[in-house]
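Residue numbers (the working numbering), protein chains in the order written: chain A, 275 to 592; chain B, 4 to 222.
Everything below concerns the one structure shown next.
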């Protein structure tokens, strides 16, 4: 099967996932009723659009970061932007009782602060190890501050709201959420896609890439800005959803090859399909409440990596 | 006294009264330092903290979270007996019993948001208060076994007669807009947070408020 056919298959999966996301729900309402129209337009359409954009963003950023850092375990969480955006959102929920707009603004402020810190910590050189270390520092710091804020929360109800939000979900997002997040998610994707050719050059090593005219600092800035804007906006509207950026490039690499730029479009499509299908499945679980998407992704991601580990172990002597 | 009693969003007492007493964050050393005659704690307190009380030979009363009016009344008597004032306990129980409305007729479905987007589920004290006040807990109708979040489309498919809350959660505006667009006749009613936190003395004003809301719904 050639690349084009595989891409068409992936795109078909995205279309099927989008249709399923529009059709699936806790409630099956009679088509044409006022309630069904309201649910479709106000709830399921924004949910499906956000699932599509967020999944594409997470898949693409995972592929870009794995290529840029030459590390197959890199994902958007590595740069610390999602933890920092989550910190901003948690502060807003606990101490400002923020609604959707306030929460979005606080999360984006957290993401922006993380981007600035990341640039400040790595501007002297484009060393992947320094980049990962800086991201780890940011992620740990933001995680610790989030835990600290929760521990001194003035009331237990706010803590329950925070924990629910941190689990990540696309439930009950509105067209206003789409309007806020979509430009940043799309902008982030465009910036990351621009890094493609440079990522191919980087597979030859930094020295070789420089000799080919690649400006590593510029690529790093693209990666930081693209991931920051996109992942920050994603966290701001949905909470923290992990594993997509890690799993999707791993699954698609054997099908589309190891050249980083060849993996970008497939990863965006694969990420979108994965999030759309996983979010639809979240609604089929029995009971009144939905399984949170962040939880579902962790339940999919952890066994995937266990399988990967067992496969590698079977090749080794132990 | 718990530090939550000093927070307007968590207290069940008038704040001015609560702030007359020092609050603790619930650590053993804070409590021990005050040499209380009796420590009233709950089953959700850290096991290490409760073990510390035990090691020091303190008099401890460990309570559960009451899920019914009857259980709350029993707790009132347990605390009153432990504090050596059983007569005051009996008086409070009598006032709770007197506040229970003699509701008959329709039982309008109502959904209560206890905080933000957290809906009060079945099997809670508030659920029992709803039932005794002549209301039906819509969350229990939807199958929400415990307090948690409900997707808006579940609410829109079977809209309750009223939604009770003390302020809006993140999705309140969206919920209202979808309900209006779907043609539902759901009304919003205010139910103060201080009536949601505890049982005992707050049961009386909570029942009165619920009875007033029901009276408006059935009139």
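All C-beta atoms in this analysis are idealised placements derived from N, C-alpha and C, irrespective of residue type, glycine included.
Reduced DSSP category for residue i - H, G, I as helix; E, B as strand; rest coil
{"i": "residue 524 of chain A", "result": "helix"}
{"i": "residue 9 of chain B", "result": "helix"}
{"i": "residue 592 of chain A", "result": "Note on residue 592 of chain A: pLDDT 45, under 50, position unreliable in the model; no value is reported."}
{"i": "residue 122 of chain B", "result": "strand"}
{"i": "residue 174 of chain B", "result": "coil"}
{"i": "residue 139 of chain B", "result": "strand"}
{"i": "residue 558 of chain A", "result": "coil"}
{"i": "residue 98 of chain B", "result": "helix"}
{"i": "residue 277 of chain A", "result": "helix"}
{"i": "residue 156 of chain B", "result": "helix"}
{"i": "residue 89 of chain B", "result": "helix"}
{"i": "residue 33 of chain B", "result": "helix"}
{"i": "residue 72 of chain B", "result": "helix"}
{"i": "residue 111 of chain B", "result": "coil"}
{"i": "residue 221 of chain B", "result": "helix"}
{"i": "residue 22 of chain B", "result": "coil"}
{"i": "residue 3 of chain B", "result": "As displayed, chain B neither begins before 4 nor continues past 222, which places residue 3 of chain B out of reach and without an answer."}
{"i": "residue 581 of chain A", "result": "helix"}
{"i": "residue 210 of chain B", "result": "helix"}
{"i": "residue 188 of chain B", "result": "coil"}
{"i": "residue 563 of chain A", "result": "coil"}
{"i": "residue 199 of chain B", "result": "coil"}
{"i": "residue 53 of chain B", "result": "helix"}
{"i": "residue 14 of chain B", "result": "coil"}
{"i": "residue 105 of chain B", "result": "coil"}
{"i": "residue 571 of chain A", "result": "helix"}
{"i": "residue 127 of chain B", "result": "coil"}
{"i": "residue 441 of chain A", "result": "coil"}
{"i": "residue 48 of chain B", "result": "coil"}
{"i": "residue 428 of chain A", "result": "coil"}
{"i": "residue 2 of chain B", "result": "Here chain B covers residues 4 to 222 and nothing more, so residue 2 of chain B does not appear."}
Supposed close pair residue i, residue j - CB separation, criterion 8 Å
{"i": "residue 501 of chain A", "j": "residue 531 of chain A", "result": "23 Å between Cβ atoms; not a contact."}
{"i": "residue 217 of chain B", "j": "residue 316 of chain A", "result": "Between residue 316 of chain A and residue 217 of chain B the Cβ distance is about 30 Å, and since that is not below 8 Å, they are no contact."}
{"i": "residue 466 of chain A", "j": "residue 335 of chain A", "result": "6 Å"}
{"i": "residue 148 of chain B", "j": "residue 125 of chain B", "result": "6 Å"}
{"i": "residue 681 of chain A", "j": "residue 550 of chain A", "result": "Residue 681 of chain A is absent from the structure shown; chain A starts at 275 and stops at 592."}
{"i": "residue 194 of chain B", "j": "residue 115 of chain B", "result": "6 Å"}
{"i": "residue 402 of chain A", "j": "residue 344 of chain A", "result": "6 Å"}
{"i": "residue 340 of chain A", "j": "residue 348 of chain A", "result": "5 Å"}
{"i": "residue 572 of chain A", "j": "residue 516 of chain A", "result": "6 Å"}
{"i": "residue 438 of chain A", "j": "residue 71 of chain B", "result": "Going by Cβ atoms, the distance from residue 438 of chain A to residue 71 of chain B rounds to 26 Å, so no, they are not a contact pair."}
{"i": "residue 338 of chain A", "j": "residue 469 of chain A", "result": "6 Å"}
Neighbour flag for residue i against chain C, beta carbons, 8 Å
{"i": "residue 523 of chain A", "result": "Any reference to chain C falls outside this structure, whose protein chains are A and B."}
Paired residues, beta bridge with residue i - DSSP
{"i": "residue 43 of chain B", "result": "B:64"}
{"i": "residue 193 of chain B", "result": "B:168"}
{"i": "residue 116 of chain B", "result": "B:122"}
{"i": "residue 151 of chain B", "result": "B:122"}
{"i": "residue 27 of chain B", "result": "B:5"}
In the segment 492-552 of chain A, which residue ranges form an unbroken beta strand (DSSP E) of at least 3 residues, counting only runs that do not cross its ends?
none
Taking three-plus beta-carbon pairs below 8 Å as touching, is the segment 97-112 of chain B in contact with the segment 200-215 of chain B?
yes
Threshold first: 4 residues or longer. Then list the alpha helix (DSSP H) segments lying entirely within the segment 445-488 of chain A, N to C.
Taking only runs of at least 4 residues, the alpha helix (DSSP H) segments lying wholly in the segment 445-488 of chain A are 449-468, 470-476, 480-485.
Restricting to runs no shorter than 4 residues, where is the alpha helix (DSSP H) found entirely within the segment 283-346 of chain A?
308-313, 319-342
Are the segment 573-586 of chain A and the segment 163-171 of chain B touching by the rule of at least three beta carbon pairs closer than 8 Å?
no
Threshold first: 4 residues or longer. Then list the alpha helix (DSSP H) segments lying entirely within the segment 342-418 of chain A, N to C.
355-369, 374-396
When you compare the segment 157-164 of chain B with the segment 172-191 of chain B, are there three or more beta-carbon pairs, one atom per stretch, that lie closer than 8 Å?
yes
Could you check whether the segment 295-310 of chain A touches the segment 554-561 of chain A, counting it as contact only if at least three pairs of C-beta atoms, one from each stretch, sit closer than 8 Å?
Yes, the segment 295-310 of chain A touches the segment 554-561 of chain A.
Within the chosen definition, does the segment 581-590 of chain A reach the segment 174-182 of chain B through at least 3 CB pairs nearer than 8 Å?
With the rule of 3 Cβ pairs closer than 8 Å, the segment 581-590 of chain A does not count as touching the segment 174-182 of chain B.
Could you check whether the segment 440-459 of chain A touches the segment 21-36 of chain B, counting it as contact only if at least three pairs of C-beta atoms, one from each stretch, sit closer than 8 Å?
no
Three or more beta-carbon pairs under 8 Å between the segment 532-549 of chain A and the segment 400-418 of chain A, yes or no?
No contact exists between the segment 532-549 of chain A and the segment 400-418 of chain A.
The segment 356-376 of chain A / the segment 505-517 of chain A touching (three or more Cβ pairs under 8 Å):
yes
Sufficient close CB pairs (3 or more, under 8 Å) joining the segment 484-500 of chain A to the segment 299-319 of chain A
no
With three or more C-beta pairs closer than 8 Å as the rule, is the segment 536-547 of chain A touching the segment 123-138 of chain B?
no
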